[in-house]
Ligand SMILES: Nc1nc2c(ncn2[C@@H]2O[C@H](COP(=O)(O)OP(=O)(O)OP(=O)(O)O)[C@@H](O)[C@H]2O)c(=O)[nH]1
Ligand SMILES: [Mg+2]
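Residue numbers (my numbering): -3 to 293.
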């Protein structure tokens, strides 16, 4: 029998390049939330996949970005940077041919990493000028010397199996797996629930979304046929509360419906979801509140 292999793989890159979409594609289910808005992922989330004799432990990370003022951004960067240093392999994800200063900044951070880096050119489905791809790769390679480069589409799944084979080659042999073979993530149902609700908020509100928005699960009670979930949505100002609630509560209602549908799939049970919107002053700039809401982990 083949020896067991396992290791940690960090998925890093600037915001919005498709890191979480890629992770979900690899896992074959939705673990990490995604949206068109940058800075969707706020925490490091492990996604675990065990296939035959290999256990892949992926760490999805918040998009790395320079010079954003709020304290919460510092915590997000810290979570992503620390992920770079404790792993066996790094997937540096970029968006097609759009390599900008943000990517260059991440590349510079990666120079300090010891793990091998695979450059993953994502959103290949959007690259219409295929002839430009090879010179683009050559230019990046010349500058940064990436050992391996692969282009994929996290959205369509194109080449993602090839990427997984590349990853498998680089994982070290182990005596025992770190996680049980049926483990999917290090996060609990409460975390997944709060994230799914936050995703629906981001998607419903787009650019209108108050940046400070945060979701806290107040109660999660599993009964025989149904699970009750009560959640608070925290915002910084009364005006933001009004935006989320919408005309006669219509927006909050539709956010709740979408969140419930996803939660039912994810937790595989009927859900009774109740949402409240509450105002909390300036939490994204307060250390104490950031810690209370679990960002400093
Ligand atoms: N066309 C196309 N769009 C993609 C692909 N992968 C991701 N996207 C889209 O890109 C946007 C950002 O995706 P996310 O997975 O949330 O990106 P992220 O890198 O995790 O972003 P942060 O968490 O904010 O750092 C979403 O609208 C995705 O649907 C892809 O392969 N092709
Ligand atoms: Mg993400």
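Backbone N, C-alpha and C define an ideal beta-carbon position, used for all residues, glycine too.
From a predicted model like this one, the values you see are computed outputs, not experimental measurements.
Whether residue 18 touches residue 27 by CB criterion (8 angstroms)
The residue you call residue 18 lines up with position 22 of the chain shown. The residue you call residue 27 lines up with position 31 of the chain shown. No.
Which term fits residue 58, buried or exposed, when burial requires 16 or more other beta carbons within 10 angstroms of its beta carbon?
The sequence position of residue 58 within the chain shown is 62, counting from 1. Buried is the call here.
Can you tell me where the alpha helix (DSSP H) with residue 52 in it begins and where it stops?
The sequence position of residue 52 within the chain shown is 56, counting from 1. Looking at the DSSP string, residue 52 is not in any alpha helix (DSSP H); the run it does join, the beta strand (DSSP E), is 50 to 56.
At a threshold of 7 angstroms, does residue 181 count as lining ligand 2 (C-beta to nearest heavy atom)?
Position 185 of the chain shown, counted from the start, is the residue given in the question as residue 181. Not under cutoff, so the answer is no.
Buried or exposed for residue 43, please, with buried defined as at least 16 other CB atoms from any protein chain shown within 10 angstroms of its CB.
Residue 43 sits at position 47 when you count from the first residue of the chain shown. Classification for residue 43: buried.
Residue 253: which of 194, 83, 147 and 183 sits nearest, CA to CA?
Within the chain shown, numbered from 1, the residue matching residue 253 stands at position 257. Considering only alpha carbons, the answer is 194.
Per DSSP, cross-strand counterpart(s) of residue 144
Working through the chain shown from its first residue, we reach residue 144 at position 148. The partner list for residue 144 (beta bridge, DSSP) reads 114.
Around the Cβ of residue 177, are there at least 16 other Cβ atoms within 10 angstroms (buried) or fewer (exposed)?
Translated into the one-based positions of the chain shown, residue 177 becomes position 181. Burial call: exposed.
Please classify residue 273 as buried or exposed, where buried requires at least 16 other C-beta atoms within 10 Å of its C-beta.
Taking the first residue of the chain shown as 1, we reach residue 273 at position 277. A residue is called buried when at least 16 other Cβ atoms come within 10 angstroms of its Cβ; residue 273 meets this threshold and is buried.
Are the beta-carbon atoms of residue 167 and residue 229 separated by less than 8 angstroms?
Here residue 167 refers to the residue found at position 171 of the chain shown. Here residue 229 refers to the residue found at position 233 of the chain shown. No. Outside cutoff.
Using three-state DSSP, classify residue 77 as helix, strand or coil.
What you label residue 77 is simply residue 81 of the chain shown in a count that begins at 1. Here DSSP, grouped into helix, strand and coil, assigns residue 77 to helix.
What ranges does the beta strand (DSSP E) occupy inside the segment 143 to 212, keeping only unbroken runs of at least 3 residues that lie completely in it?
Runs of the beta strand (DSSP E) inside the segment 143 to 212: 144 to 147.
Specify the secondary structure class of residue 248 as computed by DSSP and reduced to three states.
Start at 1 with the first residue of the chain shown, and residue 248 comes out as number 252. Residue 248 falls in the helix class under three-state DSSP.
By the DSSP assignment, the beta strand (DSSP E) with residue 267 in it spans what residues?
Sequence index remark: in the chain shown, residue 267 carries index 271 (1-based). For residue 267, the uninterrupted beta strand (DSSP E) run begins and ends at 266 to 275, by DSSP.
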